[in-house]
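Let me begin by presenting the structure, written as structure tokens, before commenting on it.
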Amino acid sequence: MSDITHSIPRPLVRTNQWVIVLSTLLSLLTGYYWLLLVPLLSGLSGLLLHFNPVMVLAKKFLRKPATAYIPEDKDQQKFNQTIAVSCLSIAFVSSLMRWTVLSIIFSVIVGLAAFVAILGFCIGCFVHFQWSQYRQRRIQEQTTPK
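Take the sequence shown: its position 130, counting from 1, is numbered 253 in our numbering, and each next residue is one higher.
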């Protein structure tokens, strides 16, 4: 199969996405925006320390070896997690500043993006692909003689 160091088993990615969806949904329903800290701190830990507590906990429940699951690209997931952490940070800080509308907007954005990813369409992957295409076109334009 693929190299496990460059991929993440899909069930771990899905668990992380569900934590984002449920945390944002609960925070919006209850007004307890501190619930956003669960996916925010977990995601931040994953990005900075390469230790995502949600995925580490979920890994204990895998029934098969990690290599037996559909792999998700680690670099793509890092890009997606960066977007999620950014949106969650804006939502949480906005809630602290009592900018409720902005907090709701960014909570909904990240929650919907995670839910849509669970359903099978990765918005972050689409953005990453478009960004890569844009950068490639720029490089070609700069290297093409005029």
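We put the beta carbon where it would ideally sit given N, CA and C, even for glycine.
Start and end residues, alpha helix (DSSP H) containing residue i
i: residue 131; result: No alpha helix (DSSP H) contains residue 131, which is instead part of the beta strand (DSSP E) from 130-132.
i: residue 162; result: 160-172
i: residue 261; result: 246-266
i: residue 240; result: 223-242
Unbroken beta strand (DSSP E) run spanning residue i, endpoints
i: residue 176; result: Not the beta strand (DSSP E): residue 176 falls in the alpha helix (DSSP H), residues 176-182.
i: residue 194; result: 194-196
Candidates the options, of which the one nearest residue i by Cα
i: residue 228; options: 130, 151, 133; result: 151
i: residue 240; options: 137, 224, 199, 217; result: 137
i: residue 212; options: 162, 154, 132; result: 162
i: residue 180; options: 256, 135, 268; result: 135
i: residue 172; options: 242, 184, 201; result: 201
i: residue 148; options: 132, 238, 224, 225; result: 238
When the Cβ atoms of the stretch 202-212 are set against those of the stretch 242-258, are three or more pairs found closer than 8 Å? yes
Cβ pair count under 8 Å reaching 3, the stretch 256-264 against the stretch 172-184: no
So, does the stretch 154-168 touch the stretch 211-225, judging by three or more C-beta pairs under 8 Å? yes
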